[in-house]
Structure formats: C-alpha cells, structure tokens
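Visitor: What follows is a single structure, and I will ask about it in a moment.
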Amino acid sequence: MNWILLIIAGLFEVAFASCLGKVKSTTGMESKYWFVGFLVCLAISMILLVKVTKVLPIGTAYAVWTGVGAVGTVLVGIFIFKEPATFWRLFFLVTLITSIIGLKMVSH
Numbered sequence: 013m014n015w016i017l018l019i020i021a022g023l024f025e026v027a028f029a030s031c032l033g034k035v036k037s038t039t040g041m042e043s044k045y046w047f048v049g050f051l052v053c054l055a056i057s058m059i060l061l062v063k064v065t066k067v068l069p070i071g072t073a074y075a076v077w078t079g080v081g082a083v084g085t086v087l088v089g090i091f092i093f094k095e096p097a098t099f100w101r102l103f104f105l106v107t108l109i110t111s112i113i114g115l116k117m118v119s120h
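As numbered in the numbering used here, residues 13 to 120 make up the sequence shown, in order.
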C-alpha cells in the first residue's frame with residue numbers, strides 16, 4: 013500500500029509541476045487558479061511523501077518520488093507543452109525509469 017501511495021505522491025508532483033507551467037503561461041484570474049492548483053497538489057504530494065517515509069526508507073522513497081515526478085513531468089512537457097522529444101532526452105528518461113525500478117527491487 014505504501015508503494016502505491018508513493019506513486020500517487022509522485023503523480024501529484026507531476027500535477028504541481030504542470031500547474032506551475034500553466035501559471036507561467038497564463039495571466040489574470042486563470043493564473044491565480046493554476047497557482048491554487050499548484051499549492052493543493054504540492055500539499056497532497058508532501059503529505060503522502062511524509063506518510064510513506066514512516067514505513068519506507070527515506071532514501072529510496074525520496075528517489076522514487078522524485079523519479080516518478082521527473083518522468084511524469086518530462087512526459088507532460090513533451091505531450092502537453094510541446095517540448096522536444098530528442099533521442100538523448102528519451103534515452104536518459106528510460107535510464108531513469110530503469111533506476112527507479114531497480115531501487116524498488118532492492119528495497120525491503
């Protein structure tokens with residue numbers, strides 16, 4: 013259950029990073045709404061991260077949380093914000109995913 017919560021926390025990290033991107037690209041009240049979304053997603057992500065680190069090792073939990081967030085944010089950047097999907101960017105994204113899986117496999 014803690015690993016599922018950790019993945020959800022990572023997905024909320026993706027959400028708060030995406031909201032931050034939208035804050036940057038909008039103005040007025042729309043920008044404020046995205047900022048509120050950023051704060052809500054940030055709070056949920058942190059609360060879940062704190063919860064899982066009471067059971068899972070902090071080093072592993074933090075690495076997986078940031079990894080899920082990084083992978084998700086890069087994918088959102090590519091598909092939503094139209095950032096480039098170069099060979100090297102995708103190559104290192106795959107190595108990051110492999111590392112996250114490896115950490116999960118060696119953690120008890």
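For each residue, glycine too, the CB sits at the ideal point set by N, CA and C.
As the structure is a computational prediction, the values presented were derived from the model and not from experiment.
Report yes if the C-beta distance between V83 and L105 is below 8 Å; otherwise report no.
Guide: Yes. Within cutoff.
Visitor: Rounded to a whole number of angstroms, what is the C-alpha to C-alpha distance between L18 and S30?
Guide: When rounded, the distance between both Cα atoms is 18 Å.
Visitor: How many Å lie between I20 and G40 at the Cα?
Guide: So the alpha carbons of these two residues sit roughly 30 Å apart.
Visitor: Assuming W77 and L61 make a contact with CB atoms under 8 Å, what is their CB distance in whole Å?
Guide: Contact flag correct, Cβ pair sits at about 5 Å.
Visitor: For V35 versus F50, is the C-beta spacing smaller than 8 Å?
Guide: Yes.
Visitor: What does the alpha-carbon distance come out to for the pair L32 and M58?
Guide: Distance between the alpha carbons of L32 and M58 is about 16 Å.
Visitor: Under the assumption that G79 contacts L108 (Cβ atoms under 8 Å), give the Cβ distance between them as a whole number of angstroms.
Guide: 6 Å between Cβ atoms; contact.
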